[in-house]
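Numbering (my numbering), first residue to last: 19 to 707.
Don't be surprised by glycine CBs; every beta carbon is placed ideally from N, CA and C.
Just below is one structure, and these are the notes that go with it.
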Amino acid sequence: MRNLLPLISSHPGGRSGLTCRYRCGDACFQEIPNTSDNEYAGDVIAGALSRRSMMRAAAVVTVAAAAGTAALAGPAAPQAEAAAPAGPGRTPNHPDKPSGAGARGLRFAPVAPNRNDKVTIPEGYEQNIVLRWGEPILRGAPAFDPDRQTAKAQAGQFGYNVDFLSLLPLRGERGRQVLVANHEYTDENLMFRGYDPANPTREQVEIAWAAHGLSVVVVQEEHRTGRLGAVGRHPLNRRLTATSEFQVTGPAAGSPLLRTSADPSGRKVLGTLNNCAGGTTPWGTTLHGEENFNQYFANGSSATDKRYGIGSSTTERKWERFDKRFDVAQEPNEPHRHGWVVELDPFDPDSTPRKRTALGRFKHEAAQPRLTSDGRPVVYMGDDERFDYFYKFVSSKRMKKGNSRAAREHNLTLLDEGTLYVAKLTGDSPAAEFDGTGKLPSDGEFDGSGVWIPLATDGVSHVPGMTAEEVYVFTRLAGDKVGATKMDRPEDVEPSPRTGRVYVALTNNTDRGKAGKPGADEANPRNLNKHGQILELAEHWDDPAGDGFAWRLFLVAGDPNDPSTYFAGFPKEKVSPISCPDNVAFDDHGNLWISTDGNQLGSHDGLFGVATQGELRGELKQFLTVPTGAETCGPVIQDRRVLVAVQHPGEVDGATVDKPASSWPDGPGKIVRPSVVAVWRKDGRDIGV
19 MRNLLPLISS
29 HPGGRSGLTC
39 RYRCGDACFQ
49 EIPNTSDNEY
59 AGDVIAGALS
69 RRSMMRAAAV
79 VTVAAAAGTA
89 ALAGPAAPQA
99 EAAAPAGPGR
109 TPNHPDKPSG
119 AGARGLRFAP
129 VAPNRNDKVT
139 IPEGYEQNIV
149 LRWGEPILRG
159 APAFDPDRQT
169 AKAQAGQFGY
179 NVDFLSLLPL
189 RGERGRQVLV
199 ANHEYTDENL
209 MFRGYDPANP
219 TREQVEIAWA
229 AHGLSVVVVQ
239 EEHRTGRLGA
249 VGRHPLNRRL
259 TATSEFQVTG
269 PAAGSPLLRT
279 SADPSGRKVL
289 GTLNNCAGGT
299 TPWGTTLHGE
309 ENFNQYFANG
319 SSATDKRYGI
329 GSSTTERKWE
339 RFDKRFDVAQ
349 EPNEPHRHGW
359 VVELDPFDPD
369 STPRKRTALG
379 RFKHEAAQPR
389 LTSDGRPVVY
399 MGDDERFDYF
409 YKFVSSKRMK
419 KGNSRAAREH
429 NLTLLDEGTL
439 YVAKLTGDSP
449 AAEFDGTGKL
459 PSDGEFDGSG
469 VWIPLATDGV
479 SHVPGMTAEE
489 VYVFTRLAGD
499 KVGATKMDRP
509 EDVEPSPRTG
519 RVYVALTNNT
529 DRGKAGKPGA
539 DEANPRNLNK
549 HGQILELAEH
559 WDDPAGDGFA
569 WRLFLVAGDP
579 NDPSTYFAGF
589 PKEKVSPISC
599 PDNVAFDDHG
609 NLWISTDGNQ
619 LGSHDGLFGV
629 ATQGELRGEL
639 KQFLTVPTGA
649 ETCGPVIQDR
659 RVLVAVQHPG
669 EVDGATVDKP
679 ASSWPDGPGK
689 IVRPSVVAVW
699 RKDGRDIGV
């Protein structure tokens, strides 16, 4: 057996200290906001009902539904038949295959772990940079000049660190698509020459405000390749920043908890902050999760401020010096206006994006919808915090099909009415079997059942002692009260378009099992969890609106030579090592693609594909790695193209503009610039087939 791969960082998840400071305000070094005594998955032993039987029953229903759909499509039926996977601990016979073979969609030679200061891709593939930070996208915006930056220029240029990406078809313009991007956060040390963190200038702060937010950019594909390029000054191109206007909608809109001196209506907010992952709706809009918003607010003092991680002193960026809305002592309700899911219509450049209060307020990592059988959207969401929860929202309205004005106006109300739920998990193995090492329990799999606990429906609270408005604004406290299950940083949550199963990326939690902290349980089986895991959830009877589900761990990340790792029963000697799963997406073959954040295994972060169905279920292969200091974000997997965001390249402790830790993307002597990259096959064929 090979030795385990080396750890590379003392910071949680392998991030640099610089990333921890600017991305999340050193969240992992702060006191854990959740001090409730809620149970953890596996603490309550299952009763007479077999949880594994429920998972298999859910799989049977899923396969039946998939087979019915496949019957209409014809050739897809055989794959639907293979959707019922071999269970964990019951590994099927996997013949040896060449490194480039594998599940359909994953037939490429995997990239080896490496620390190259570039985007490393498989043999036979090519790449190009689609957009860099600072590239002009609006009419009148100047070319990027790192030594002559202004807030006005940045407001017309592509923003800084990109996380979520969405590509939508653009009707009537051949070869063009609409790219929507989240700009999560700024790192002023890598943006401004000679930056003084203790004394930022107003211009630097206003540039940072303009570099946050969202971008909408039309992109053009090059004939015969997968290359993409921005269409500058297209009428749909748009920038939304930390000072743009957003509308508050849903049951908490107008609440006294959302009113400020600048907005006594409680319905108009300036800015969207720390947009992490998101989702693309079936009706053609995009969703954007406001995540680590707490770090922008100074001088918090209340119990609710503390539960949301808002500090009691000054902030890293010192924005409170230049706008009182970032000073909680002066505007105690301003933080309540952030931490929502934002819905954007990228096809209407004059529309005002909406913060959807019906989906609750917490550190939203993502929001990906699916539809019920009668056409109501269901949105799954994770709260990216150690020992926090994951949620879903079930709309009470049905989506209208088509692109008529009436249909679009109706569909823009779908996320304002419905029920918000939080998840409670139960394991089916004795708690004594979980010693923190990640050893499989005696029944051969980490699995169990769960229930969705309702928190509020429109203006009605289901949480004793809390009004509906309080549930929506202080959703974390509502989860505390009803006994939701504490998890290991639930980040992206994605339903499979083929099977309906839901996959939850649990990135890591190095506090699990420490003195005075919760220990291992069936859903979170390792103490000092550096590498994370992915949970697979099957709604009862494949009904997204239902109130119960079965679950099991699909993947327990880390070095395959580590006995605590697990890859859905697939032979571990045939998979790529993976650490800290973050964003996830599906391809048309039903494979789950996983981007990582903070690799702890001696390699740079990367993008991986893993089969979720058939005899190759659990086969995981690395598709690319990103440059020094960078994180892989926002994967978009199309038939002939993969898109990733290379976030915070060169973000290494001690790095500055004058002392860069990376020369990507433009080579030595050029400023390091977060960018979006497209990858395609040289022969023009589909990815991985």
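Inter-residue Cα distance where the pair is residue i and residue j
i, j, result
"residue 324", "residue 501", "19 angstroms"
"residue 582", "residue 453", "11 angstroms"
"residue 360", "residue 461", "42 angstroms"
"residue 239", "residue 263", "32 angstroms"
"residue 362", "residue 448", "46 angstroms"
"residue 475", "residue 397", "15 angstroms"
"residue 532", "residue 546", "7 angstroms"
"residue 258", "residue 163", "21 angstroms"
"residue 12", "residue 512", "No information on residue 12 is available, as it lies outside the stretch 19 to 707 that the chain covers here."
"residue 309", "residue 357", "6 angstroms"
"residue 77", "residue 446", "Caution is warranted here: a pLDDT of 44 is assigned to residue 77, below 50, making its placement in the model unreliable, and the coordinate value is therefore given only provisionally. Distance between the alpha carbons of residue 77 and residue 446 is about 18 angstroms."
"residue 286", "residue 477", "20 angstroms"
"residue 678", "residue 250", "29 angstroms"
"residue 621", "residue 689", "23 angstroms"
"residue 152", "residue 178", "7 angstroms"
"residue 674", "residue 207", "5 angstroms"
"residue 226", "residue 161", "17 angstroms"
"residue 276", "residue 333", "22 angstroms"
"residue 105", "residue 632", "Bear in mind that a pLDDT of 34 at residue 105, under 50, signals an unreliable position, so the number given afterwards is only what the model happens to contain. If I take the Cα positions, the gap works out to 11 angstroms."
"residue 306", "residue 385", "7 angstroms"
"residue 712", "residue 268", "Past the edges of the chain, shown from 19 to 707, lies residue 712, and the structure says nothing about it."
"residue 676", "residue 212", "8 angstroms"
"residue 256", "residue 483", "43 angstroms"
"residue 35", "residue 603", "28 angstroms"
"residue 190", "residue 159", "26 angstroms"
"residue 260", "residue 233", "12 angstroms"
"residue 702", "residue 140", "14 angstroms"
"residue 422", "residue 613", "36 angstroms"
"residue 172", "residue 517", "43 angstroms"
Enclosing beta strand (DSSP E) for residue i [first to last residue]
i, result
"residue 461", "That residue, residue 461, is in no beta strand (DSSP E); it is neither H nor E in DSSP."
"residue 510", "508 to 513"
"residue 695", "693 to 699"
"residue 774", "This structure gives no information on residue 774, because the portion of the chain shown stretches from 19 to 707."
"residue 238", "231 to 239"
"residue 306", "304 to 308"
Which listed residue (the options) has its alpha carbon closest to that of residue i
i, options, result
"residue 693", "622, 683, 513", "683"
"residue 368", "613, 375, 172, 254", "254"
"residue 382", "322, 563, 493, 592", "493"
"residue 304", "252, 346, 675, 199", "199"
"residue 418", "405, 392, 410", "392"
"residue 170", "222, 574, 270", "222"
"residue 520", "571, 126, 241", "571"
"residue 273", "205, 491, 248", "491"
"residue 205", "505, 585, 37, 707", "37"
"residue 548", "616, 518, 486", "616"
"residue 596", "573, 311, 52", "573"
"residue 634", "414, 587, 578", "587"
"residue 411", "427, 404, 405, 390", "390"
Cβ separation of residue i and residue j, assumed to be a contact under 8 angstroms, to the nearest whole Å
i, j, result
"residue 188", "residue 230", "Contact doesn't hold; Cβ gap of about 26 angstroms is too wide."
"residue 407", "residue 376", "Contact flag wrong, Cβ pair sits at about 17 angstroms."
"residue 696", "residue 246", "5 angstroms"
"residue 183", "residue 642", "The pair is not a contact, with the Cβ atoms about 15 angstroms apart (cut-off 8 angstroms)."
"residue 628", "residue 638", "4 angstroms"
"residue 123", "residue 552", "Between residue 552 and residue 123 the Cβ distance is about 18 angstroms, and since that is not below 8 angstroms, they are no contact."
"residue 181", "residue 294", "5 angstroms"
"residue 685", "residue 669", "The pair is not a contact, with the Cβ atoms about 18 angstroms apart (cut-off 8 angstroms)."
"residue 284", "residue 271", "7 angstroms"
"residue 316", "residue 345", "5 angstroms"
"residue 434", "residue 523", "In fact, because the Cβ distance is near 27 angstroms, the residues do not count as touching under 8 angstroms."
"residue 527", "residue 426", "No, residue 527 and residue 426 are not in contact; Cβ-Cβ is about 41 angstroms, not under 8 angstroms."
Continuous alpha helix (DSSP H) stretch holding residue i: start and end
i, result
"residue 612", "Here residue 612 belongs to no alpha helix (DSSP H); instead the beta strand (DSSP E) covers 610 to 614."
"residue 396", "Per DSSP, residue 396 belongs to no alpha helix (DSSP H); it is in the beta strand (DSSP E), 395 to 400."
"residue 488", "486 to 491"
Residue i Cβ short of 8 angstroms to the ligand FMN heavy atom set
i, result
"residue 262", "The ligand content of the structure shown is nil, which means the ligand FMN is not present either."
- Query: Between the stretch 643 to 656 and the stretch 140 to 148, do at least 3 Cβ pairs fall closer than 8 angstroms?
  - Reply: no
Q. Would the stretch 590 to 607 and the stretch 554 to 563 be scored as touching if the rule is three or more Cβ pairs under 8 angstroms?
A. no
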